[in-house]
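Visitor: Below is a structure I'd like to ask you about.
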Amino acid sequence: MNPRIKGLSDIHRTSPALPKPTASSSFTLFPVTHFDLAATLNSGQVFHWHEQDGVFLGLIGGELVRVSQPEPGMLQISPGHEELVSRYLALDHDLAKMQRTLPKRDAHLKRALKYSPGLRILRQPRWECLATFITSSLKQVAHIRQISLTLRERFGHPVATVNGVVLHAYPTPEALAQAGEAALRACGLGYRAKFLHQTASRIAEGNFDLEAPAALDDEAACELLCTLPGVGPKIAQCTLLFAYERLGVFPIDVWIERALRELYFAGAAENVSARELREFAVTHFGPFRGYAQQWLFHHARTSGTFSRLRKVV
DNA sequence: TTCCAGGCCCATG
DNA sequence: CATGGGCATGGA
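Numbering-wise, the first sequence is residues 5 to 317 according to my numbering.
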């Protein structure tokens, strides 16, 4: 056992410590509209960004990036990263146009949209997104973040040191396959360790091509991803939405399921089958329902306006 | 202490 | 095809 490997509780105390941005750091100003950096990076799509006083520091692939939003219409981006960041943050998505395709008379969606109108669907690296969501099943967002950071620290390539804090890239499939199931389990993964290890191994050995789903339609891509261990419809759809630009998929997790039942089937919520919920989502929210899903999810989780839905930070 | 978490797998009707 | 139990771990 490597003595440098600390217990999870120690990791939790130390790893989220934010590297302080230096006062002299330069930046590029980048005008934006319909964009909310904090809502986007804190909406449960991604789990590794460090935030302090509105400044977000993190890795996009293997690149250290610093982003902040000093005013609604302006981003500060670390120099040289403008293109990388705008692609990752999907600044080219025409939110106004997509919002016009949403159902007109939906007060619930309208409320969620008003809560965080600038929340965008990211373009994440495929493997990082898939692997993170494999570790997400039956876990709270805060714990997914812990697991993600621990995996990075133990098996990811160190990219940069900022004020004494080392930031690591997400470990490659090869690194996780080589690490072994037991070492993954020691990161607090529980039963998910086997799934993550098996999926990483399959990809590392060349028995699954993460680019293959990109050539298929949404349904076929989902079925293909679901052939991987630990990947079912929900995780496959989150991956398609957050890493394959499939804005028409609608992942249904426990939050969305309760929100849909409570908001759209009030009174008969207990009698609605899972099949009916899926049908409703597809027919009601339109071609960009992935966005609708994310606005509803973020509002349901963090607004505290639901009586029966517990607020989790 | 008990309940629950951005579910999946597998065994039954 | 739909439903139910089991599953590891840690925070509330």
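We put the CB at the ideal spot given by N, CA and C, even for glycine. Computed from a prediction, not measured in an experiment: that's the story for all the values here.
#1: Reducing DSSP to helix, strand and coil, say where serine 205 ends up.
#2: Roughly how many angstroms lie between the CA atoms of aspartate 98 and leucine 68, to the nearest whole one?
#3: Can you grab the Cα-Cα spacing for the pair arginine 109 / threonine 176, in whole Å?
#4: Please name the residue, chosen from Leu123, Phe137, Arg124 and Leu61, that lies closest to glutamine 241 on a Cα-to-Cα basis.
#5: Can you tell which of Trp299, Leu61 and Ala296 has the C-alpha that lies nearest to the C-alpha of phenylalanine 31?
#6: If I'm right that aspartate 40 touches leucine 123 with Cβ under 8 Å, what's the distance once you round it to whole angstroms?
#7: Any contact of the region 211–230 with the region 179–199, i.e. 3+ C-beta pairs under 8 Å?
#8: Quick one, which of Arg206, Asn211 and Thr243 has its alpha-carbon nearest glutamate 223's?
#9: Here's the rule: buried if 16 or more other CB atoms are within 10 angstroms of the residue's CB, otherwise exposed. What is alanine 304?
#10: Mind listing, in chain order, the continuous beta strand (DSSP E) runs of no fewer than 3 residues lying wholly within the region 151–181?
#11: Please report the distance separating the alpha-carbon of threonine 231 from that of asparagine 167.
#12: For glutamine 144, count the other beta carbons within 10 Å of its own beta carbon; 16 or more makes it buried, fewer makes it exposed. Which is it?
#13: Taking the alpha helix (DSSP H) that glutamate 318 belongs to, which residues open and close that run?
#14: Could you check which residue in Gly290, Ala173 and Leu142 has the C-alpha nearest to that of tryptophan 131?
#15: Looking at serine 152: is its Cβ nearer than 8 Å to the Cβ of histidine 52?
#16: Helix, strand or coil for leucine 99, going by three-state DSSP, please let me know.
#17: I need the DSSP call for valine 145, collapsed to helix, strand or coil.
#18: Can you say whether glutamine 49 is buried or exposed, counting buried as having 16 or more other CB atoms within 10 angstroms of its CB?
#19: Who does phenylalanine 34 pair with in a DSSP beta bridge?
#20: Label valine 258 either buried or exposed according to how many other C-beta atoms from any shown protein chain fall within 10 Å of its C-beta, with 16 as the threshold for buried.
#21: Which whole-angstrom value describes the C-beta separation of proline 255 and glutamine 297, a residue pair presumed to lie in contact below a C-beta threshold of 8 Å?
#22: Between tyrosine 295 and the rest of its own chain, which residues show a CB-CB distance below 7 Å, the 5 nearest in sequence each way excluded?
#23: Taking C-beta to C-beta, are alanine 247 and glutamine 128 nearer than 8 Å?
#24: Tell me the residue span of the alpha helix (DSSP H) that contains lysine 288.
#25: Does DSSP put glutamine 56 in a helix, in a strand, or in coil?
#26: Go ahead and label threonine 287 buried or exposed: buried means 16 or more other beta carbons lie within 10 angstroms of its beta carbon, across all protein chains shown.
#27: With leucine 300 as the anchor, note down where its alpha helix (DSSP H) starts and where it stops.
#28: Specify the secondary structure class of isoleucine 125 as computed by DSSP and reduced to three states.
Guide: Quick answer:
#1: Position 201 of the first sequence holds residue 205. Correct three-state label for serine 205: helix.
#2: Taking the first sequence and counting its residues from 1, one reaches residue 98 at position 94. Taking the first sequence and counting its residues from 1, one reaches residue 68 at position 64. Approximately 27 Å between the Cα atoms of the pair.
#3: In the first sequence, the residue the question calls residue 109 occupies position 105. In the first sequence, the residue the question calls residue 176 occupies position 172. Cα-Cα distance, rounded: 45 Å.
#4: Taking the first sequence and counting its residues from 1, the one referred to as residue 241 is at position 237. For the residues Leu123, Phe137, Arg124 and Leu61, the minimum Cα distance to glutamine 241 belongs to Phe137.
#5: Translated into the one-based positions of the first sequence, residue 31 becomes position 27. When only C-alpha atoms are compared, the closest one is Leu61.
#6: On the first sequence, residue 40 is found 36 positions in, with the first residue counted as 1. On the first sequence, residue 123 is found 119 positions in, with the first residue counted as 1. With 8 Å as the limit, aspartate 40 and leucine 123 qualify as a contact, their Cβ atoms being about 6 Å apart.
#7: no
#8: Translated into positions along the first sequence, residue 223 becomes position 219. Taking only the C-alpha atoms, the option nearest glutamate 223 is Thr243.
#9: Within the first sequence, the letter at position 300 stands for residue 304. Residue environment for alanine 304: buried (at least 16 other C-beta atoms within 10 angstroms of its C-beta).
#10: You should have 162–166 and 169–172.
#11: Numbered from its first residue, the first sequence carries residue 231 at position 227. Numbered from its first residue, the first sequence carries residue 167 at position 163. In a straight line, the C-alpha of threonine 231 is about 42 Å away from that of asparagine 167.
#12: Position 140 of the first sequence, counted from the first residue, corresponds to residue 144. With fewer than 16 other Cβ atoms within 10 Å, it is exposed.
#13: Here the chain covers residues 5 to 317 and nothing more, so residue 318 does not appear.
#14: The residue given as residue 131 occupies position 127 in the first sequence. Among Gly290, Ala173 and Leu142, the Cα nearest to that of tryptophan 131 belongs to Ala173.
#15: The count along the first sequence starts at 1 and reaches residue 152 at position 148. The count along the first sequence starts at 1 and reaches residue 52 at position 48. Yes.
#16: Along the first sequence, read from residue 1 onward, the residue named residue 99 stands at position 95. Looking at leucine 99 - three-state DSSP - the assignment turns out to be helix.
#17: As a first step, residue 145 is located in the first sequence; it is residue number 141 there, counting from the start. Here valine 145 sits in helix by DSSP.
#18: To locate residue 49, count along the first sequence from 1; it is residue 45. Flag for glutamine 49 reads buried.
#19: On the first sequence, residue 34 is found 30 positions in, with the first residue counted as 1. In the DSSP secondary-structure assignment, phenylalanine 34 is bridged to Leu79.
#20: The residue you call residue 258 lines up with position 254 of the first sequence. The residue in question, valine 258, is exposed, as its Cβ has fewer than 16 Cβ neighbours within 10 Å.
#21: As a first step, residue 255 must be located in the first sequence, where it is residue number 251. As a first step, residue 297 must be located in the first sequence, where it is residue number 293. Rounded, the Cβ-Cβ distance is 6 Å, consistent with contact.
#22: In the first sequence, residue 295 corresponds to position 291, counting from 1. Hits under 7 Å: Met102, Ile125 and Leu251.
#23: As a first step, residue 247 is located in the first sequence; it is residue number 243 there, counting from the start. As a first step, residue 128 is located in the first sequence; it is residue number 124 there, counting from the start. Yes, these two residues count as a Cβ contact at 8 Å.
#24: Residue mapping note: residue 288 aligns to position 284 of the first sequence, counting from 1. Sequence inspection shows histidine at residue 288; the lysine mentioned does not correspond to that position. Segment 278–288, the alpha helix (DSSP H) holding histidine 288.
#25: Along the first sequence, read from residue 1 onward, the residue named residue 56 stands at position 52. Of the three classes helix, strand and coil, the one that applies to glutamine 56 here is strand, per DSSP.
#26: In the first sequence, counting from the first residue as 1, residue 287 sits at position 283. Under this definition threonine 287 is an exposed residue.
#27: Along the first sequence, one-based indexing puts residue 300 at 296. It spans 293–306 - the alpha helix (DSSP H) in which leucine 300 sits, taken as one unbroken run.
#28: As a working note, residue 125 is residue 121 in the first sequence. The DSSP-derived three-state label of isoleucine 125 is coil.
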